[in-house]
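This report refers to the structure that appears directly beneath it.
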DNA sequence: CCTACCGATCGGTAGG
DNA sequence: CCTACCGATCGGTAGG
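Protein chains in written order, with the numbering used here: chain A, 18 to 213; chain B, 18 to 213.
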């Protein structure tokens with residue numbers, strides 16, 4: 018009986034985190050009230066505190082679950098010992114898949130992280146920076162090898178990261194989104210550009 | 018004397034709008050209080066209402082001043098009767114310049130527009146859509162002509178728009194930002210891609 | 001431009 | 001899981 022209780026509480030916690038993500042994306046973190054979240058779950062606002070410790074902690078959980086996913090992929094990626102251009106392509110493909118499969122939580126992590134409490138803000142920014150640095154390093158390697166054009170590596174990184182965010186708009190359009198076509202289209206455009 | 022008064026009030030209104038933009042970008046619209054804005058100006062919160070009608074109206078003014086700038090450029094652009102690829106390039110260059118010279122207000126328009134009141138929300142979305150459609154139409158023309166590769170025009174548009182947002186990150190890095198180099202780098206990467 | 005103040009709502013706690 | 005309630009803060013108004 019106690020076992021069932023634990024399972025139920027875990028699914029309810031998951032439901033709260035999911036609804037919080039949806040609302041944080043829809044209205045923004047600050048404009049979302051605990052009452053808003055509670056209503057989606059079907060309970061009163063104070064009852065949320067049986068599952069979570071605070072609104073700030075809810076945001077922390079969402080942002081760090083995303084950051085940790087990317088961190089883990091980076092570690093896996095390094096163990097594959099691929100060429101810089103292949104490793105970059107693989108990072109991009111992982112990023113695109115994350116965008117398609119977890120787009121609400123990614124949206125929140127990308128746009129609402131600035132509302133993280135002081136304690137977690139720096140740690141979060143550092144994790145993001147590590148990902149960005151890794152991508153820039155791969156581009157620099159590609160430039161040195163001569164595979165990539167002699168662009169500004171930092172700007173190329175930012176353009177790529179920004180372009181990946183374009184998938185947010187794509188999701189919004191509710192296109193049936195054939196993941197493979199999407200992936201290849203983006204990779205092609207970023208690697209080869211617009212012109213023939 | 019009354020003339021001086023008018024001028025003073027106009028500059029104070031401009032100052033309020035400027036500080037509001039900075040704070041809306043920094044903390045987000047919802048997390049910014051009228052007291053926050055008033056403090057930056059050096060007056061009490063209720064005194065703001067001698068210059069503005071509401072917080073919502075402040076956001077409206079910011080968002081629509083940006084949207085109107087792009088709308089005017091689109092009209093000018095059409096009168097130049099250039100080829101689609103040249104017109105696209107010119108639109109991109111204008112967009113980049115706007116990003117560099119008005120990046121705080123553009124940031125707010127890009128990220129906080131969802132907090133616009135019902136009445137203005139649809140009108141704003143329509144203006145954005147018109148800009149997006151114009152860009153997609155130019156890309157479609159370029160594809161038909163054979164100047165551009167046979168990409169998905171809609172996705173290409175979204176990738177370009179997202180990439181232009183990358184300049185937000187760039188600004189944040191406080192790089193001295195030689196505008197010409199930046200412009201050419203972005204145009205090159207979007208048109209020709211990463212690879213040699 | 002200020003002080004004084006309004007009703008509404010916020011995140012969160014107490015106690016059961 | 002609820003009701004009752006806390007102090008704080010919100011956007012905005014009245015009146016001078």
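Even glycine gets a Cβ: it sits at the ideal position worked out from N, Cα and C.
{"Item": "Sequence-distant residues of the same chain with beta carbon closer than 6 Å to residue 173(B), five excluded per side", "Value": "156"}
{"Item": "Selected residue, minimal CA-CA separation from residue 73(B), among 102(B), 45(B), 59(B)", "Value": "45(B)"}
{"Item": "Which of helix, strand or coil DSSP assigns to residue 28(B)", "Value": "helix"}
{"Item": "Helix, strand or coil at residue 174(A) [DSSP, three-state]", "Value": "helix"}
{"Item": "Closer than 7 Å at the beta carbon, the chain A residues around residue 175(B)", "Value": "183, 186, 187"}
{"Item": "Unbroken alpha helix (DSSP H) run spanning residue 127(B), endpoints", "Value": "120-128"}
{"Item": "Residues, ordered as in the chain, of the region 31-47 of chain B that lie near chain A by beta-carbon distance below 9 Å", "Value": "43, 44, 45, 46, 47"}
{"Item": "For residue 78(B), three-class secondary structure by DSSP", "Value": "helix"}
{"Item": "Any C-beta of chain A under 8 Å from that of residue 150(B)", "Value": "no"}
{"Item": "Bridge-paired residues (DSSP) for residue 165(B)", "Value": "212(A)"}
{"Item": "Presumed contact (8 Å Cβ cut-off) between residue 100(A) and residue 42(A), rounded CB distance", "Value": "That belief does not hold up - the Cβ atoms of residue 100(A) and residue 42(A) are roughly 37 Å apart, past 8 Å."}
{"Item": "Assigned secondary structure, residue 48(B) (DSSP; H/G/I helix, E/B strand, else coil)", "Value": "coil"}
{"Item": "Under 8 Å between C-beta atoms of residue 232(A) and residue 105(A)", "Value": "With chain A covering only 18 through 213, there is no way to say anything about residue 232(A)."}
{"Item": "Proximal residues to residue 75(A) (C-beta, below 7 Å), its chain only, five neighbours per side dropped", "Value": "34, 37, 69"}
{"Item": "Same chain only: Cβ atoms within 8 Å of residue 47(A), ignoring 5 sequence neighbours per side", "Value": "132"}
{"Item": "Cβ neighbour criterion (16 or more within 10 Å) applied to residue 136(B)", "Value": "exposed"}
{"Item": "Contact set between residue 111(A) and chain B, taken where Cβ atoms lie within less than 7 Å", "Value": "Per Cβ cutoff of 7 Å: no residues; residue 111(A) is ~18 Å from chain B at best."}
{"Item": "Residue 67(B) - DSSP class collapsed to helix/strand/coil", "Value": "helix"}
{"Item": "Residues of the region 122-154 of chain B with Cβ closer than 8 Å to any Cβ of chain A, in chain order", "Value": "128, 131, 132"}
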